[in-house]
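This report concerns only the one structure given below.
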Amino acid sequence: MTADPKPESLTPATGSAVLRFDDNSLLPLLYGDYDQNLARVEQAVGVKLSSRGNRVAIAGSESAVAIAREALNALYRRLQQGMTVDAAEVDAAVRLAGARAAERAGGIDRGAGDALTIRTPRRHITPRSAGQRRYMLALAESPLVFGLGPAGTGKTYLAVATAVAMLISGRVDRIILSRPAVEAGERLGFLPGDLREKIDPYLAPLYDAIYDMMPGDQVANRLTSGEIEVAPLAFMRGRTLSHAYVILDEAQNATRVQMKMFLTRLGEGSRMAVTGDPTQVDLPTGAISGLADAVRTLEGIGEMRFVRFTDADVVRHSMVTRIVQAYEEDDRRAAARPRE
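Following this line, the structure appears as structure tokens:
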């Protein structure tokens, strides 16, 4: 593996830099077909990139050049480590470089952080936003983590990835995935079939995430053996969950009583991740969300971590970010209207 690329020259006054990359075999992957990755960086950051052989010249404002340089260096290091680079990874590198630039402007320098990786049998997962980086660190360090924020920020996905990595490494003996069985604004009526068939529709997002981390045959075997368990929140009552990684998804739809019951299941050698969007409560009108109540009651207690995501951390289609922003703005306008 070669050393990280270094700017051959940098003139802050003119906002220009030249990067030289040592491994020519990685350049097609770094640049993308017809230089589409470079074009994506240009559009996102507002710089001009010119590639010639193993060199990339960057021109633009001083701050934009710094962001583009850091993003390209991060993508190159990713390729050196044997990982892939696609459009989503380009966007993630730019997003993280921009967030680090803003932190440095405020006197904070957390470093590049490219070594932060969750390794599962099917995926090597790195943070795609500053919020995801904070969340991944919290999941690695704390026995109880709350991930709060809008859809598309990776709250559940990263929690499941961490759980799988810890199961494979032997740090926990099993994974327990749970959700409240609450319909999102619609009535599903009577569901036919056995208990598993009745509850599976509520738990589909958790299955999706687990199958994305492990081969299907391994998931099936571990489900059969009990090493992976997927169950509604109501089934947690009366249990003590030891040496397990326990995830409660869509926690905003848990009641206060359910939340207290769930959190007190934490046993020896176990970890918990609680994820939810406090703005998307589907409980009956007037019911108090157990997630909001837990944040109010527990924040500040040692060892617990609360990570808040914003629309800047949305890593789905760019349209999702705009949708989240539009709804948040509409909520702010509604809150500002005088009540009659």
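Counting from 649, one number per residue, gives the positions in the sequence shown under the working numbering.
We treat Cβ as the ideally placed atom computed from N, Cα and C, and that holds for glycine.
To the nearest angstrom, how far is it from the Cα of residue i to the Cα of residue j?
i	j	result
residue 665	residue 717	8 Å
residue 858	residue 804	10 Å
residue 772	residue 765	6 Å
residue 922	residue 975	24 Å
residue 931	residue 820	33 Å
residue 782	residue 955	7 Å
residue 875	residue 865	13 Å
residue 808	residue 981	36 Å
residue 942	residue 723	39 Å
residue 927	residue 903	15 Å
residue 883	residue 984	41 Å
residue 719	residue 692	11 Å
residue 794	residue 962	17 Å
residue 787	residue 797	16 Å
residue 973	residue 959	7 Å
residue 829	residue 849	9 Å
residue 873	residue 806	24 Å
residue 705	residue 953	42 Å
residue 939	residue 957	15 Å
residue 683	residue 697	10 Å
residue 715	residue 946	37 Å
residue 670	residue 870	44 Å
residue 616	residue 767	This structure cannot settle anything about residue 616, because the visible part of the chain is limited to 649 through 988.
residue 785	residue 663	33 Å
residue 971	residue 979	12 Å
residue 879	residue 854	10 Å
residue 729	residue 739	19 Å
When you compare the CB positions of residue i and residue j, do they come within less than 7 Å of one another, or not?
i	j	result
residue 777	residue 743	yes
residue 890	residue 918	yes
residue 900	residue 934	no
residue 792	residue 826	no
residue 862	residue 769	yes
residue 877	residue 824	yes
Would you decide whether residue i is buried or exposed? Buried here means 16 or more other CB atoms lie within 10 Å of its CB.
i	result
residue 905	exposed
residue 977	exposed
residue 747	buried
residue 868	exposed
residue 852	exposed
residue 676	exposed
residue 856	exposed
residue 897	buried
residue 672	exposed
residue 708	buried
residue 832	Its pLDDT being 43, under 50, residue 832 is placed unreliably in this model, and the value from its coordinates should be taken loosely. Looking at its Cβ environment, which holds fewer than 16 other Cβ atoms inside 10 Å, residue 832 is exposed.
residue 822	buried
residue 949	exposed
residue 834	Because the pLDDT at residue 834 is just 40, under 50, the model does not fix this residue reliably, and the value given afterwards should be weighed accordingly. Exposed.
For my contact list, residue i and residue j are in at a C-beta cut-off of 8 Å; report their separation, rounded to the angstrom.
i	j	result
residue 801	residue 779	6 Å
residue 994	residue 680	Within the shown structure, residues of the chain are numbered from 649 to 988, placing residue 994 beyond reach of any answer.
residue 749	residue 711	6 Å
residue 713	residue 695	6 Å
residue 990	residue 727	Not covered by the structure: residue 990. The range shown for the chain is 649 to 988.
residue 909	residue 885	6 Å
Practice prompt. For the segment 721-734 and the segment 696-707, state whether three or more C-beta atom pairs, one from each stretch, are separated by less than 8 Å.
Written response: The segment 721-734 is not in contact with the segment 696-707.
Worksheet item: Should the segment 808-815 be regarded as contacting the segment 891-900, the criterion being three or more beta carbon pairs within less than 8 Å?
Response: The segment 808-815, when compared against the segment 891-900, does touch it at the 8 Å Cβ threshold.
Practice prompt. Would you check if the segment 875-889 and the segment 909-929 touch, i.e. whether three or more CB-CB distances between them fall below 8 Å?
Written response: Proximity of the segment 909-929 to the segment 875-889 meets the contact definition, three or more beta-carbon pairs being nearer than 8 Å.
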